[in-house]
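K.L.:
Numbering (our numbering), first residue to last: 4 to 745.
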Amino acid sequence: MARKPTPPKKPSANAGKVTPPDLSGAQIGGESPQKASPVPTDAGISLSFGEPQAAGGETHQIAGGDVATLTTQQGVPVADDQNSLKQGARGPTLLEDFHFREKIFHFDHERIPERVVHARGYGAHGFFELTDSLADVSHADIFQRVGERTPAFVRFSTVAGSKGSFDLARDVRGFAVKLYTQEGNWDLVGNNIPVFFIQDAIKFPDMVHAAKPEPDRAFPQAQTAHDNFWDFISLTPESFHMIMWIMSDRAIPRSYRTMEGFGVHTFRLVDAQGRSTFVKFHWKPKQGLQSVVWNEAVKINGADPDLHRRDLWDAINGGDFPEWELGVQLFDDAFADNFDFDVLDATKIIPEELAPIRVVGRLVLDRVVDNFFAETEQVAFCTQNVPPGIDFSNDPLLQGRNFSYLDTQIKRLGGPNFTHIPINAPKCPMAHFQQDGHMAMRNPVGRVNYEPNSWGATQGGPREDPVRGFTSFADTADGAKQRVRSDSFADHYSQARQFLVSQTPIEQKHIADALVFELSKVERPDIRSRVVSHLLNIDAGLANTVADGLGLPIPDPAIAARKTITDLPPSDRLSIVKNGPGSFKGRKLGLLLTDGADAAIFAALIDAVDAEGAVYEIVAPKIGGVILSDGTTVAAKHKIDGGPSVLFDAVAILVSAEGAALLSLDAAAKDFVTDAFAHCKYIGISAAAEAIFAKAGIADDLDEACLPLVKAADAKTFIAAARALRYWPRELTVDLDARPQA
Ligand code: HDE
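1) Between which two residues does the beta strand (DSSP E) containing R176 stretch?
2) Could you pull the DSSP bridge partners for F270 from this structure?
3) Taking only the alpha-carbon atoms, compute the straight-line gap between L665 and F696 and give it to the nearest angstrom.
4) Assuming Q76 and E105 make a contact with CB atoms under 8 Å, what is their CB distance in whole Å?
5) Any chance you could list the alpha helix (DSSP H) runs of at least 4 consecutive residues sitting entirely within the stretch 71-123, in chain order?
6) Quick check: the stretch 523-538 against the stretch 594-603, are at least 3 beta-carbon pairs closer than 8 Å?
7) Check whether the Cβ atoms of T227 and A163 sit closer than 8 Å, and answer yes or no.
8) State the Cα-Cα distance for the pair V140 and D704, rounded to the nearest angstrom.
9) Could you check whether C431 and L409 sit closer than 8 Å to each other, using their CB atoms as the reference points?
10) By how many angstroms is the C-alpha of L137 removed from the C-alpha of I145?
11) Distance, Cα to Cα, A727 vs G583?
12) Using the DSSP secondary-structure output, state which residues sit across from A155 in a beta bridge.
13) With a Cβ-Cβ cutoff of 8 Å, do S396 and T269 count as a contact?
14) Which residue marks the beginning of the beta strand (DSSP E) containing A561, and which one marks its end?
15) Report the rounded CA-to-CA distance for M262 versus A172, giving the unit in angstroms.
16) How is S168 classed by DSSP in three states: helix, strand or coil?
17) If we count the other Cβ atoms within 10 Å of its Cβ and call it buried at 16 or more, is E414 buried or exposed?
18) Report the start-end ranges of each beta strand (DSSP E) in the stretch 699-737 that is 3 residues or longer and not cut off at the edges.
19) Whose C-alpha, out of L596, A179, K524 and G585, is nearest the C-alpha of H121?
20) Any chance the stretch 439-446 sits against the stretch 194-202, with 3 or more Cβ pairs inside 8 Å?
21) So who's on the other strand from H641, going by DSSP bridges?
22) For R271, which residues of its own chain have a beta-carbon under 8 Å away from its beta-carbon, when the five flanking residues on both sides are left out?
23) Buried or exposed for A29, going by 16 or more other Cβ atoms inside 10 Å?
24) Pull up the CB-CB distance for E521 and W297, whole angstroms please, since I reckon it's below 8 Å.
25) Which value, in whole angstroms, describes the spacing of the CA atoms of W731 and A708?
26) Measure the C-alpha to C-alpha separation of G464 and E454 and round it to an integer number of angstroms.
27) Write down the C-beta distance between I621 and K640 rounded to the nearest angstrom, noting that I regard them as a contact closer than 8 Å.
28) Nearest-angstrom Cα distance between D439 and I579?
29) Any heavy atom of the ligand HDE closer than 7 Å to the CB of Y408?
30) Tell me S294's beta-bridge partners as DSSP assigns them.
31) Can you tell me where the beta strand (DSSP E) with D369 in it begins and where it stops?
32) Which same chain residues end up closer than 6 Å to V737 when comparing Cβ atoms and leaving out the 5 residues on each side of it in sequence?
33) Please confirm if V331 has its CB atom under 8 Å from at least one CB of chain C.
34) Please report how far the alpha carbon of V658 lies from the alpha carbon of R370, in whole angstroms.
35) So, with DSSP's three-state summary, where would you put W458?
36) Three-state secondary structure (DSSP) at S659?
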């Protein structure tokens, strides 16, 4: 039997008080590896070159206990996995070596095509629990019994980057949920932004081509800051509502745990009588909304390109299970007819103030995957996976998606039997006559594989069930066959403006900054200008700020199909800052320590962090850790060069005078404090630490979010203040773009 891995510990646990290992015997250099030194394996066994291990049997005993015998895929025990079969000690290698050939053959085929979009992602298991029955509007089994739990798998992703790209790209995040209901899988394949770039699925390949690396040069990776993307956008006015969202901090979330999720399209709920209610689905994070800032995102991508996946992994393994509420906005035809915009247009939201959210359940992620490839990579979401009681609207984007997702899985997973892969298989009974094809694992048994048949109830196989079976809502449609865009989809700017005016001033500034940043990377001035011509239809102030940031003359406004409605009421729910967590729970403190740091303040900080339900990681000049003022040793999680402050929500610098003097000589330590300061973080500062700020040139700028840590009682005050996460007024003092223009 393979050994079960030891579960990883809560992140803060590694920061506990431990004595560094005895390094007295360590030496640099040592014996040459060519001297046939033993090769350590993960089981703690030593294998010597040229000495085959005993083979055969299920398990055998070596040094550390029973281990499984290595076999080929055919189950043949392997005697030597270190050397290929040769004629004589120096070759040639023999074709007869079936173990070698099988191993290389399999390795050659390890990759499957990455997703054409949303290639980089991370998944986890959990459950959905119904807290309020929706039986009044839907007969979907999942919505009937309060308290019942339905297994779930969620995959978060970025859209444009390839599989190996970094997590903090400015991008939409996928929020795809597979719910294994008792009447079939329901895939709610959503995003963390409630609108989309385009209105009709036929434009999706163009949009994605424009966003991905340019085809001749194959860059930039995972970035929209290039000519092709903005060229397409500037010629696609319907994208401008989405542009406001994607230029906002929504596109650089702090964590998957601090994002909302949206089904985006209008769907239908259908009751047992076949009556339909329109619905929009929302996932609301219990952790509150939170994002990083752009300068920080750029640095995170270097320091920890896996920040989001690591964060999810650590949180779940630490027992801090991420949770979202499922909210539904329910509305009828009368509401749809009276609404200012078309509910079938995926570039529009329905403000929560107009159609309130009813919370009906919670989604909890409580288990990481056993194997990334088997689960996260092979999971196949399909928008057309809906159980009875949930149905589609005519949104032309959704209709197009219903074709695309099934189709793409054939390419990616290699055949029509991808539902046989455990992560995709329903967890309810299945019975059908579909058979054969690549990798068929579950062919129907018996003589009958067709229907109708006359083999009777026991041998004849499954039969359709007009009562329980999925019945499409009996929608009616008429009209000429034509390629058109409905007039009701023609307003492209009003909700873009509504989003902008719903933001706090700092969030509005970030939108303008992002536009200036992206367009400054665009080489063709005419494209920059065309984008600004659309911004003029959204808000003159925004357009002027962006034009000024680009050093661009103000162009004429773009010709608008519909005049912008300028008085749509702001919606507080659209702001991140207005929907923050109000607590430091689940957040991470970076604690920069040196030898001689005050032990009492350290202990008080740890208590305050624990009391808040937060975690901390220790950063030190050496990974071996530090010795505090009372002689206790504390191991570090990061050496200062590898633990920049961008990895943390708040930082504390707890150093001795000698430690501060040393760190003042270190560029990484100076970056640690200047970045924390520039990114508007809460900073706890011990008395001696001021020397580092002085050396970094910001000692005179310290503000009310730079709190003293001079006695143990200060720790609690500091952590309580850090609940605000960022001290935004500081941005005005650290960013030239924030200064009033002359
Ligand atoms: Fe997707 N999208 N999409 N998309 N999408 C895919 O399916 C597509 C759209 C979304 O974690 C692909 O299995 C079309 C909107 C997520 O595995 C593909 C259109 C929204 C994921 C595809 C859209 C999404 C995908 C690529 C325009 C938010 C990742 C790989 C009509 C509501 C799922 C795959 C995962 C993935 C097609 C637009 C969300 C090619 C044609 C709008 C979260 O089928």
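Backbone N, C-alpha and C define an ideal beta-carbon position, used for all residues, glycine too. Just so we're clear, the structure is a prediction, and the values are computed from it rather than from any experiment.
P.N.:
Concretely, from the data shown:
1) Along the sequence shown, read from residue 1 onward, the residue named residue 176 stands at position 173. That run of the beta strand (DSSP E) goes R176 to T184.
2) Counting from 1 along the sequence shown, the entry for residue 270 is found at position 267. In DSSP, F270 forms a bridge with V282 and F395.
3) On the sequence shown, residue 665 is found 662 positions in, with the first residue counted as 1. On the sequence shown, residue 696 is found 693 positions in, with the first residue counted as 1. Distance between the alpha carbons of L665 and F696: 13 Å.
4) The count along the sequence shown starts at 1 and reaches residue 76 at position 73. The count along the sequence shown starts at 1 and reaches residue 105 at position 102. Indeed they touch by this definition, with Cβ atoms about 6 Å apart.
5) 101-111
6) no
7) Counting from one through the sequence shown, the residue named residue 227 turns up at place 224. Counting from one through the sequence shown, the residue named residue 163 turns up at place 160. Against a cut-off of 8 Å, the Cβ pair of A163 and T227 comes out as a contact.
8) Taking the first residue of the sequence shown as 1, we reach residue 140 at position 137. Taking the first residue of the sequence shown as 1, we reach residue 704 at position 701. Spanning the two alpha carbons is a distance of roughly 58 Å.
9) The residue you call residue 409 lines up with position 406 of the sequence shown. The residue you call residue 431 lines up with position 428 of the sequence shown. No, the pair does not count as a contact, with Cβ atoms beyond the cut-off.
10) As a first step, residue 145 must be located in the sequence shown, where it is residue number 142. As a first step, residue 137 must be located in the sequence shown, where it is residue number 134. Using only the alpha carbons, I get a separation of about 9 Å.
11) Your numbering for residue 727 matches position 724 in the sequence shown. Your numbering for residue 583 matches position 580 in the sequence shown. Each residue's Cα considered, the two are about 8 Å apart.
12) As a first step, residue 155 is located in the sequence shown; it is residue number 152 there, counting from the start. Per DSSP, G129 and L182.
13) Indexing the sequence shown from 1 puts residue 396 at position 393. Indexing the sequence shown from 1 puts residue 269 at position 266. Cβ distance < 8 Å, so S396 and T269 count as in contact.
14) Residue 561 sits at position 558 when you count from the first residue of the sequence shown. Premise fails: A561 is in no beta strand (DSSP E) and is neither H nor E.
15) Stepping through the sequence shown from its first residue, residue 262 is reached at position 259. Stepping through the sequence shown from its first residue, residue 172 is reached at position 169. About 15 Å.
16) Within the sequence shown, numbered from 1, the residue matching residue 168 stands at position 165. Reduced to three states, the DSSP call for S168 is coil.
17) Against the sequence shown, residue 414 aligns to sequence position 411. Checking the sequence, you will find Lys at residue 414 rather than Glu. Label assigned to K414: exposed.
18) 709-711
19) Here residue 121 refers to the residue found at position 118 when the sequence shown is read from its first residue. The option with the nearest alpha carbon to H121 is A179.
20) no
21) Taking the first residue of the sequence shown as position 1, residue 641 is located at position 638. Bridge partners of H641: V622.
22) One-based indexing of the sequence shown puts residue 271 at position 268. Closer than 8 Å at Cβ, skipping near neighbours: S279, T280, F281, V282, I393, D394, F395, S396 and F476.
23) Taking the first residue of the sequence shown as position 1, residue 29 is located at position 26. With a pLDDT of 35 at A29, under the threshold of 50, the modelled position of that residue is not reliable, and no figure is offered here.
24) Here residue 521 is taken as the residue at index 518 of the sequence shown, counted from 1. Here residue 297 is taken as the residue at index 294 of the sequence shown, counted from 1. Between W297 and E521 the Cβ distance is about 10 Å, and since that is not below 8 Å, they are no contact.
25) On the sequence shown, residue 731 is found 728 positions in, with the first residue counted as 1. On the sequence shown, residue 708 is found 705 positions in, with the first residue counted as 1. About 10 Å.
26) For this step, residue 464 is matched to residue 461 along the sequence shown. For this step, residue 454 is matched to residue 451 along the sequence shown. Their backbone Cα atoms lie some 8 Å apart in a straight line.
27) Counting from one through the sequence shown, the residue named residue 621 turns up at place 618. Counting from one through the sequence shown, the residue named residue 640 turns up at place 637. Contact holds; Cβ gap of about 5 Å.
28) Position 436 of the sequence shown, counted from the first residue, corresponds to residue 439. Position 576 of the sequence shown, counted from the first residue, corresponds to residue 579. In a straight line, the C-alpha of D439 is about 50 Å away from that of I579.
29) Taking the first residue of the sequence shown as 1, we reach residue 408 at position 405. Yes, Cβ of Y408 sits closer than 7 Å to a heavy atom of the ligand HDE.
30) Translated into positions along the sequence shown, residue 294 becomes position 291. Answer is P256, bridged to S294.
31) Translated into the one-based positions of the sequence shown, residue 369 becomes position 366. I360 to V371 is the span of the beta strand (DSSP E), which, as asked, contains D369.
32) For this step, residue 737 is matched to residue 734 along the sequence shown. Within the same chain, V737 has close Cβ partners A681.
33) Considering every chain present, this structure includes no chain C. It has just one protein chain.
34) Residue mapping note: residue 658 aligns to position 655 of the sequence shown, counting from 1. Residue mapping note: residue 370 aligns to position 367 of the sequence shown, counting from 1. Distance between the alpha carbons of V658 and R370: 38 Å.
35) Indexing the sequence shown from 1 puts residue 458 at position 455. Coil, per DSSP.
36) The sequence position of residue 659 within the sequence shown is 656, counting from 1. Coil.
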